[in-house]
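Residue numbers (this note's numbering), protein chains in the order written: chain A, 1 to 262; chain B, 1001 to 1404. Every residue, glycine too, gets a C-beta built ideally from N, C-alpha and C. The structure presented is a predicted model; accordingly, all values stated were derived computationally and were not measured.
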Amino acid sequence: MSRIDDIFTSLRESGTGGLMPFLTGGFPSLVDTRNALLGLEQAGASIVEIGFPFSDPIADGPVIASSMHEVLESGLRVESLFELVESIRSDVSLGLVAMVSESIIERMGLNEFTHRAATAGFDGLIVPDMDINRTAPLRALADKHDLSLTFLIAPTTSVERATMILKACRGFVYLLARAGLTGESEQAPEIARQVDMIRQQSNLPIAAGFGIATPEHVRQVNEHADAAIVGSALVRRMTEADDPAAAAIEFTRHLSEGLQAS
Amino acid sequence: MTSLQTEPDPSGSFGDFGGRYVPETLIAALDQLTDAWKSSRNDPAFQDQFRSLLRNYVGRPTPLTDCPNLTRHIGGASIWLKREDLAHTGAHKINNTIGQVLLARQMGKERIIAETGAGQHGVATATACARFGLPCEVYMGEEDVRRQALNVFRMQLLGAKVHVVKDGSRTLKDATNAAMRDWMGSVDHTHYIIGSVVGPHPFPAMVRDFQSVIGIEARAQCLDMLGKLPDCIVACVGGGSNAAGIFHPFLEDASVEMFGVEAGGRGSQQGDHAATLSHGAPGVLHGSRSYVLQDPDGQTSPVHSCSAGLDYPGVGPEHAAWRDSGRVQYISVTDDEALASFRLLSEQEGIMPALETSHAIAAATSMAANRSSDEVVLVNLSGRGDKDVTEAQRLLESHIPKLD
């Protein structure tokens, strides 16, 4: 987690705000994910989220869900993603965070999963479907393995519930920039109200995502949050491209035009 | 046996099972639903309206029917049926959809969505929506659309829009994902009527609550007609709503044995059955922790059953708790045994059960054979078989004599 802490500390010092691209792990192939990871830092990313494909991704929109089904049909195993990260860890200083369903963590075993994630070189976990009343075992293991641990706050999350969620997080919290599903949108998200609510009770860095698709969105989100997350828009471009990794890098470079010192 | 927990704790758990493993976007709506459901339980106006609709629209109470021919044929305990097939739309599913539509109206939701496997829940949802003038959209897997074509047409006739789901295994699990995904984006004005005792809290307890009318009636009917409680109760379990509905009111009757019957499909290999409590392990699917059928990576396993309504890799969390406490025993019945019982009940009693229900009939007949004639085996006849005749015709073709 020290790497995640350092990244947000330096983002706050520079005042530029950060960019966090999301890649579906192994989509469309492990080589593409590897090549994208090797180029995203240069393109302006601070942290990359690597989504672990899941057979029943209720939290994701159609673009990411279909990328996950495609990867699973090719037979990709959880261990392949750990090996991938292991193979590039020393080549990049990016923060690398696993976005992973509780089902996958629980089946491998909390202890085993966190241990393997940490030894592979992941810096943290985002668990979008965790029951917030049952985070204690995972928190203890995240602390033990020095992993950030992130849960989500929505536009509809109450102050009382946000307090619970913020206490359960380590490293940063994920703010859903809009209600609904991940997916691209024309309009800029309005996150000021929830950012204020969070800031009043915590100094935890805030990464905001859902529907972010343009440099202008990135700029607007980072007026309030510490970093902007880009998922569906990026995965869609990878789906359509002849060279998916190049498309991911190019789109990230384009979005990074929205990063500027305030 | 330690004292059995009959209601979830405040976080929506039945011991280790249940809870809310869903994206944060849905939590506020689940809180609102929990409040509406809890206050409805003590709201005389709500309960009067619900009961009146069950009586005058659904046709409750449904009868308790004896099976003189089947009982003689089997030679053992007497077999009785709780006739949910005679409820409006032909299955128990309507009990829940009427209850949830009333709650949706109370919460001011203007649109209803649902998932469906066999199509019975889709039909029951479309029916309740037609009655209350609410727009209804039903998600159904492509494979189930093929197997249950009649129910697709019924839903359309009732004014519902049917979305064909082509992801993953194209069955109930994927239809549920699609409906959840819709709800994530529409939750402010839409209510999602989950059709079984699955999903995040409060769905498992709430759906069981609406279905427990089955067991409440059956218990009173047994005392009235038989002068005693049944010795055992048998019900099929996919997600487990008809079973939860008949079991729950008997939980504290220690003399009553209860059996949930899962789909044994064509064998015990992973992918050949849908017997989650028999072959699965604790895990998370569709918003709650229960038993699930998963591979070693936590990916949901493919499942198989001849019956679309049981073709599901999860099961309600309260069933998981009943299984672990030993209060209910869970067994499985194969496709072939279910199909044989589909014919048997039709021939012996003139009652054609749904293929789902046929699993319970198969288990009940083998249980009755090993019991004395003064014992009573009660089966929840959860639905009628009309929807299954095309699929049964395909599967049974060689067994039925050709016409000259």
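Of the residues A/163, A/123, A/29, A/153, the one whose Cα lies closest to the Cα of residue 144 of chain A is A/123. Rounded to whole angstroms, the Cβ separation of residue 1230 of chain B and residue 1333 of chain B is 19 Å, and the two are not in contact under 8 Å. Beta bridge pairing from DSSP links residue 23 of chain A with A/50.
In this structure, B/1074 is the residue among B/1065, B/1029, B/1074 with its C-alpha nearest to the C-alpha of residue 1344 of chain B. If you ignore the 5 residues before and after residue 1387 of chain B, its C-beta comes within less than 8 Å of the C-beta of 1090, 1118, 1119, 1120, 1148, 1150, 1151, 1354, all in its own chain and listed in chain order. In the structure shown, the three-state DSSP call for residue 1163 of chain B is strand.
For residue 1336 of chain B, there is no enclosing beta strand (DSSP E); the enclosing alpha helix (DSSP H) has its first and last residue at 1335–1349. Around residue 1053 of chain B, the same chain offers 1098 as residues with beta carbons nearer than 6 Å, after the five sequence neighbours per side are excluded.
Around the C-beta of residue 1055 of chain B, fewer than 16 other C-beta atoms lie within 10 Å, and the residue is accordingly described as exposed. Annotation: the continuous alpha helix (DSSP H) that includes residue 115 of chain A extends over 110–120. Sequence-distant Cβ neighbours of residue 1160 of chain B in its own chain, meaning closer than 6 Å and more than five residues away, are 1126, 1136, 1138. Annotation: the continuous beta strand (DSSP E) that includes residue 1283 of chain B extends over 1281–1285.
When Cβ-Cβ separations below 8 Å define contact, residue 1023 of chain B makes contact with chain A. By the CB criterion at 8 Å, residue 231 of chain A and residue 178 of chain A fall outside the cutoff. Contact of residue 143 of chain A with chain B is not assigned, every C-beta pair being separated by 8 Å or more. Residue 1235 of chain B sits in a strand when the DSSP states are folded into three classes. For residue 198 of chain A, the CB contacts under 8 Å within the same chain, skipping 5 residues up- and downstream, are 153, 162, 166, 173, 175, 204, 206 in chain order. At least one C-beta of chain A is nearer than 8 Å to the C-beta of residue 1296 of chain B. Under DSSP, residue 1136 of chain B takes part in a beta bridge, and its partners are B/1112.
Straight through space, the alpha carbons of residue 45 of chain A and residue 1008 of chain B are spaced by roughly 44 Å. Between the alpha carbons of residue 235 of chain A and residue 39 of chain A lies a gap of roughly 16 Å. Close to residue 1284 of chain B, with beta-carbon spacing below 8 Å, are these residues of chain A in chain order: 101, 102, 103, 106, 129. A direct Cα-to-Cα measurement between residue 1291 of chain B and residue 260 of chain A gives close to 49 Å. Comparing alpha carbon positions, the residue from B/1384, B/1030, B/1379, B/1040 closest to residue 1245 of chain B is B/1379. If you draw a straight line from the Cα of residue 1039 of chain B to the Cα of residue 1398 of chain B, it is about 54 Å long. Between residue 127 of chain A and residue 100 of chain A the beta-carbon gap is near 6 Å, inside 8 Å, which marks them as a contact.
The beta strand (DSSP E) runs of length 3 or more contained entirely in the region 1190–1216 of chain B are, from start to end of the chain, 1190–1193. Between the beta-carbon of residue 1319 of chain B and that of residue 1237 of chain B there is about 6 Å, and that keeps the pair under the 8 Å contact cut. Runs of the alpha helix (DSSP H) lying entirely within the region 1055–1097 of chain B and spanning at least 4 residues, in chain order: 1068–1074. The secondary-structure analysis by DSSP pairs residue 1353 of chain B across a beta bridge with B/1384. Burial of residue 1289 of chain B is indicated by the presence of at least 16 other C-beta atoms within 10 angstroms of its C-beta. Interface with chain A (8 Å Cβ-Cβ cutoff): residue 1173 of chain B is included. Non-local C-beta neighbours of residue 1209 of chain B in its own chain, meaning closer than 8 Å and more than five positions away in sequence, comprise 1037, 1041, 1099, ordered along the chain.
Judged by pairs of C-beta atoms under 8 Å, the region 102–114 of chain A does not touch the region 15–23 of chain A, as fewer than three such pairs exist. When the Cα atoms are used, residue 1243 of chain B and residue 1396 of chain B turn out to be separated by approximately 27 Å.
Within the model, the alpha-carbon separation for residue 7 of chain A versus residue 208 of chain A is close to 16 Å.
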